[in-house]
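**Student:**
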Amino acid sequence: MAIAVLNFFLLHAAPGDPAVVLAGEAGAADEQMIAQLRERFGLDQPLYVQLGKYIAGIVQLDLGYSFRQGAPVIDLIAERLPATLLLTLTAFVISLSAGIALGVAAAARVGKVSDSLLTTLALLFYATPLYWLALMAVLVFSVWLGWLPGFGYETVGAGYGGFARAWDILKHLILPALTLGLFFMAVYMRMTRASMLEVSTADFVKTAKAKGLSGAVIRRRHILRNAILPVVTLAGLQAGQLVGGAVLTETVFAWPGIGRLMFESLAARDYNTILGVFLVSAAMVILFNIVTDIVYRIVDPRIGAKV
Amino acid sequence: MWNRFRSNIGAMVGVLLLLAVILIAIFAPLLFAHSPWQMVQRPFLPPFSMDGLPLGTDTLGRDVASQLAYGARVSLLVGLVSTLVALLIGVPLGALAGFYGGYVDEGAMRFTEFFQTIPNFALAIVLVAIFEPTLASITLAIAIVSWPPVARLVRAEVMSVRKREFVDAATLAGLSKPRILVRQVLPNTVSPIIVMASLMVATAILLESSLSFLGLGDPNAMSWGYMIGAARTVIRSSWWLSFFPGIAIVITVLALNLIGEGLNDALNPHLSRKGKA
């Protein structure tokens, strides 16, 4: 809610009156028409009245009206949200599972060539701009090799139904989800590796070794279970970045999600839409945090007992 | 400490790479005869096809190599200044919260958490879009989204340092609280802050390039993100236009990350190789 109020004032601090912009685009920017537009969208009322209306609207899931697209913001977002959720959740699952798996592998081979290779690769992905990686992926896999479609959500006009459509969407999903996931995979891998190495010096690991358990069993049942906790915490904290990264990925891949909606609204000075997307993305972060909380309880039963 | 840093190969590679980028940025006008905005040849000239234009020309026939060199200035400047501003916000806030505790701590941390839950890239976009893209607004927006981790780090450090014996000694010696905080406690938290700052510069450079990629860069400054964004639509025919600026970003950010890790290992030997996210 505080975010909503902050947004409202931020957006009103912006130079440029939407009525003027709209009138200018219509090609007739005379005073009378501007005044008319202002009145129609309630822009002539004092700021606090507009704020009150805005907050009251949010409670009823009404995020205002997009002057540019001629539709309520909530409809625009609802239409695009599934695509973004699909993309971010896939990327989240890929990055977390692959990151942990690779981190475990690197920690098990600490000091060997394969460990250095993995660590160096992670460092490299960590330094690579997301949108650039996305562009290069399009270039290699879509333009040069022609393996995967580089743009869009599904083949337009193909008229697939059922399973064929799902397969089509999946093919479109692979590149964006992988590029979005790679950066975070690097983050989780580094964290898992460090955490595994730290836990492996603990006393109970020595005990397990003294019991004669094999290295793989110790790693899986004793070290990993404890080492995974900080990784999950970090994953929750990174959720906001994941959503932000989706803006870039969606822009590059023409993925019809809310990130691309935000990008399109920027140029159009469509404040209500920008504001709505921002609000929804903040809500998504909270959603991701709930998901990580649930994961946390599965990983560590002690936490569930306390609540 | 310096010896530990020097024996770290990765960190030394980082220093050399960063030095190279800094030198190119400083001497850009001497190295390249053409300004990055000046049309020098026909557009879409591939790299290595003409003397004097090693990386070819862009969509408007401008020298790509010169654009890269001038772009380094923007990236380094924005990265450095925004980190300084973020430190100016985060360090005092974290220090007060950690030192005084109680309501101050509660209030400051609520404020910090509020900023942490906002998706920071989205907030940066909103801020820059509203205050019109200029170097100043971009720098400020990046600072505003990157201070919360600083505040949390400083708070945690101050809380642990303030329980140490020399703080009790200072209190007994009759020093005032603010004086103890500034003269005794804060100097002992400097090394983790330095490590974090070097990593923050890297993140800031990535953020700046992402913003200008989306078209939210300063229209009067040539930057790497802008180059990639402008070349995006012609990627099928002229891949090099987006390829080289990306490499420049990777090199610079990688160098800073390597330095940050090296500093971390050198300054906190007992914590070495601990996960830095």
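Chains C and L are the protein sequences, given in the same order.
Each residue of the first sequence is one higher than the one before, counting from 1 in our numbering.
Each residue of the second sequence is one higher than the one before, counting from 308 in our numbering.
Beta carbons: idealized from backbone N, C-alpha and C, even for Gly.
Residue range of the alpha helix (DSSP H) that residue 112 (chain C) falls in?
**Tutor:** Note, residue 112 (chain C): premise wrong, no alpha helix (DSSP H); not H, not E.
**Student:** Would you say residue 251 (chain C) lies against chain L (beta-carbon separation less than 8 Å)?
**Tutor:** Yes - at least one Cβ of chain L is within 8 Å of the one on residue 251 (chain C).
**Student:** Using a beta-carbon distance cut-off of less than 9 Å, what residues from the stretch 268 to 294 of chain C approach chain L?
**Tutor:** Those would be 269, 271, 274, 275, 277, 278, 281, 282, 284, 285, 286 and 289, in chain order.
**Student:** To the nearest angstrom, report how far apart residue 505 (chain L) and residue 563 (chain L) are at their CA atoms.
**Tutor:** Residue 505 (chain L) and residue 563 (chain L): Cα-Cα distance of roughly 6 Å.
**Student:** Measure from the C-beta of residue 424 (chain L) to each C-beta in chain C and report whether the shortest distance is under 8 Å.
**Tutor:** So, interface residue.
**Student:** Going along chain L in order, which residues have a C-beta closer than 7 Å to the C-beta of residue 185 (chain C)?
**Tutor:** Residues of chain L passing the Cβ test: none, with the nearest at roughly 13 Å.
**Student:** CA-CA distance, residue 174 (chain C) and residue 532 (chain L)?
**Tutor:** C-alpha separation (whole angstroms): 25 Å.
**Student:** Closer than 9 Å between beta carbons: that is the criterion. Which residues of the stretch 404 to 433 of chain L meet it against chain C?
**Tutor:** Result list: 421, 423, 424, 425, 426, 427, 428, 429, 430, 431, 432 and 433.
**Student:** Using only alpha-carbon positions, find the residue among L:318, L:380, L:370 and L:371 that is nearest to residue 334 (chain L).
**Tutor:** Cα-wise, what sits closest to residue 334 (chain L) is L:380.
**Student:** Could you name the residues of the stretch 536 to 552 of chain L whose beta carbon sits closer than 9 Å to any beta carbon of chain C, in the order they occur along the chain?
**Tutor:** Per Cβ criterion, the list reads 536, 538, 539, 542, 543, 546, 549, 550 and 552.
**Student:** Inspect the beta-carbon positions of residue 242 (chain C) and residue 92 (chain C) and report whether they are closer than 8 Å.
**Tutor:** Taking 8 Å as the Cβ cut-off, residue 242 (chain C) and residue 92 (chain C) qualify as a contacting pair.
**Student:** Tell me whether the stretch 70 to 83 of chain C and the stretch 269 to 285 of chain C touch, counting them as touching only if at least three CB pairs, one residue from each stretch, are closer than 8 Å.
**Tutor:** Because the criterion of three Cβ pairs below 8 Å is met, the stretch 70 to 83 of chain C and the stretch 269 to 285 of chain C touch.
**Student:** When the Cα of residue 187 (chain C) is compared with those of C:297, C:95 and C:138, which residue comes out closest?
**Tutor:** Nearest C-alpha to residue 187 (chain C): C:95.
**Student:** Whole angstroms are fine: how far does the CA of residue 240 (chain C) sit from the CA of residue 295 (chain C)?
**Tutor:** Answer to the nearest angstrom: the Cα atoms are 17 Å apart.
**Student:** So, does the stretch 545 to 556 of chain L touch the stretch 487 to 497 of chain L, judging by three or more C-beta pairs under 8 Å?
**Tutor:** At 8 Å Cβ cutoff, the stretches do not touch.
**Student:** Whole angstroms is fine: what's the gap from residue 482 (chain L)'s alpha carbon to residue 313 (chain L)'s?
**Tutor:** Straight-line Cα distance between these residues: approximately 39 Å.
**Student:** Would residue 339 (chain L) count as contacting chain C if we go by Cβ distances under 8 Å?
**Tutor:** No, because no Cβ of chain C sits closer than 8 Å to the Cβ of residue 339 (chain L).
**Student:** Counting only beta-carbon separations shorter than 8 Å, does residue 255 (chain C) have a partner in chain L?
**Tutor:** No, because no Cβ of chain L sits closer than 8 Å to the Cβ of residue 255 (chain C).
**Student:** In the stretch 231 to 245 of chain C, which residues sit with their C-beta less than 9 Å from some C-beta in chain L, listed in chain order?
**Tutor:** Within the stretch 231 to 245 of chain C, the qualifying residues are 231, 234, 237, 238, 239, 240, 241, 242, 243, 244 and 245.
**Student:** Please name the residue, chosen from L:424, L:411, L:507 and L:550, that lies closest to residue 446 (chain L) on a Cα-to-Cα basis.
**Tutor:** That would be L:507, whose Cα lies nearest to the Cα of residue 446 (chain L).
**Student:** Under a CB-based cut-off of 8 Å, is residue 569 (chain L) close to chain C?
**Tutor:** For residue 569 (chain L), the answer is no, since every Cβ of chain C falls outside 8 Å of its Cβ.
**Student:** Can you tell me whether residue 365 (chain L) is helix, strand or coil according to DSSP?
**Tutor:** In this structure, residue 365 (chain L) counts as coil in the three-state DSSP scheme.
**Student:** So, with DSSP's three-state summary, where would you put residue 235 (chain C)?
**Tutor:** The answer is helix: DSSP assigns residue 235 (chain C) an H, G or I state.
**Student:** Tell me which residues share the same chain as residue 100 (chain C) and place their Cβ nearer than 7 Å to its Cβ, disregarding the 5 neighbours each side in the sequence.
**Tutor:** Counting only Cβ-Cβ distances below 7 Å, and skipping sequence neighbours, we find 188, 192, 228 and 231.
**Student:** Which residue from L:374, L:553, L:452 and L:448 puts its Cα closest to that of residue 342 (chain L)?
**Tutor:** The candidate whose alpha carbon is nearest that of residue 342 (chain L) is L:374.
**Student:** Considering only the beta carbon of each residue, do residue 329 (chain L) and residue 383 (chain L) sit closer than 8 Å?
**Tutor:** Going by C-beta atoms, residue 329 (chain L) is nearer than 8 Å to residue 383 (chain L).
**Student:** Can you grab the Cα-Cα spacing for the pair residue 163 (chain C) / residue 181 (chain C), in whole Å?
**Tutor:** Their backbone Cα atoms lie some 25 Å apart in a straight line.
**Student:** Can you check whether the C-beta of residue 384 (chain L) is within less than 8 Å of a C-beta belonging to chain C?
**Tutor:** Chain C contact via Cβ: absent.
**Student:** May I ask you to list, following chain order, the residues of the stretch 115 to 128 of chain C that have a beta carbon less than 8 Å from some beta carbon of chain L?
**Tutor:** Flagged, chain order: 123, 124, 126, 127 and 128.
**Student:** Roughly how many angstroms separate the alpha carbons of residue 244 (chain C) and residue 426 (chain L), rounded to a whole number?
**Tutor:** Whole-angstrom Cα-Cα distance: 6 Å.
**Student:** List, in order along the chain, the chain C residues whose C-beta lies closer than 9 Å to that of residue 556 (chain L)?
**Tutor:** Under the 9 Å cutoff, chain C gives 127, 128, 129 and 132.
**Student:** Bridge partners for residue 370 (chain L) per DSSP, in chain order?
**Tutor:** In the DSSP output, where bridge partners are listed per residue, residue 370 (chain L) has L:364.
**Student:** If you reduce the DSSP assignment to three classes, tell me which class residue 266 (chain C) lands in.
**Tutor:** Looking at residue 266 (chain C) - three-state DSSP - the assignment turns out to be helix.
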